[in-house]
């Protein structure tokens, strides 16, 4: 269940000395840094709003994957550097019906690196059992990072290419980036997939959508029943994405749909 939280944020003015910290020069920058680092840590979504209500007082409206996500125990060092100067409480909580609920599975058999055309509204890591997203604050950092730069940047890059393809009336370059396992976009995705698997200690698959392909026009290039990477038969997944059935190749760690 996704929630919209109204956060009351009060700056500890008597304990805040802007001359001693380099990451903010005034109270507004301090509060903005707190929200930005929460996003990069996977605790809130990107579409937050901030209002100044009084001297040293602010209200923020944030979408979160669940109510526990902004708990102090999930803070990283960058969230805490701002949080120590703030008093934060949940003033109001409501369910956001425009967002999908997150994974509640007790055990996850495998994970999927999955992205869509949406930017900043969901985690790019989903559960292989229920098909729902895993909040990023539950995912280890990659490549020695201390925030989720790699996963968030990949999500935005994919969404940008997807949007460019949709707006350019079937551009060949962007289509190739989306569907070709050897494209620059998907080579980057395979590297992220491998690093995720090393960190999570469970299988991680890359979702490679072929919905952009036309079964009649592209039939000479593809066999919809085969893995687009190795050519072996695909196994059907236990979940589907909307109305799309998903299929996987265990050898290549690929999950794909079938073209129209």
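Numbering (this note's numbering), first residue to last: 28 to 287. Think of the CB as a built atom: it goes at the ideal place given N, C-alpha and C, for glycine as much as any other residue. Keep in mind the model is a prediction, meaning the values are calculated, not measured.
- Within the segment 179 to 235, the complete alpha helix (DSSP H) segments at least 4 residues long are 199 to 206, 211 to 227, listed from N- to C-terminus.
- By the Cβ test, the segment 211 to 218 is not in contact with the segment 104 to 123, since fewer than three Cβ pairs between them sit closer than 8 Å.
- Residue environment for residue 275: buried (at least 16 other C-beta atoms within 10 angstroms of its C-beta).
- The beta strand (DSSP E) runs of length 3 or more contained entirely in the segment 69 to 146 are, from start to end of the chain, 76 to 81, 84 to 91, 113 to 122, 138 to 140.
- For residue 56, the secondary structure class from DSSP, reduced to helix, strand or coil, is helix.
- Rounded to the nearest angstrom, the gap between the Cα atoms of residue 128 and residue 52 is 38 Å.
- In the DSSP annotation of this structure, the continuous segment of the beta strand (DSSP E) that includes residue 275 starts and ends at 271 to 276.
- The beta carbon of residue 237 lies closer than 8 Å to those of 206, 249, 251, 255, 283, 284, 285, 286 in the same chain, with the five residues before and after it left out.
- In the DSSP assignment, the residues bridged to residue 33 are 88, 119.
- In the three-state reduction of the DSSP assignment, residue 281 falls in the strand class, which pools E and B.
- Measuring C-alpha to C-alpha distances from residue 164 to each of 143, 280, 117, 103 identifies 103 as the nearest.
- Boundaries cannot be given for residue 166, as no beta strand (DSSP E) includes it and DSSP labels it neither H nor E.
- Pairing residue 260 with residue 253, the inter-Cα distance amounts to about 5 Å.
- Residues of the same chain with a CB within less than 6 Å of the CB of residue 43, apart from the 5 flanking positions on each side, are 112 in chain order.
- Comparing alpha carbon positions, the residue from 93, 99, 67, 130 closest to residue 183 is 67.
- For residue 38, the closest of 157, 28, 263, 54 by C-alpha to C-alpha distance is 54.
- Counting along the chain, no beta strand (DSSP E) covers residue 254, and no H or E run does either.
- Boundaries of the beta strand (DSSP E) around residue 154: 152 to 154.
- With fewer than 16 other beta carbons inside 10 angstroms of its own, residue 193 counts as exposed.
- Residue 262 is bridged by DSSP to 275.
- Rounded to the nearest angstrom, the gap between the Cα atoms of residue 118 and residue 278 is 49 Å.
- By the Cβ neighbour-count rule, residue 176 is exposed, with fewer than 16 other Cβ atoms within 10 Å of its own.
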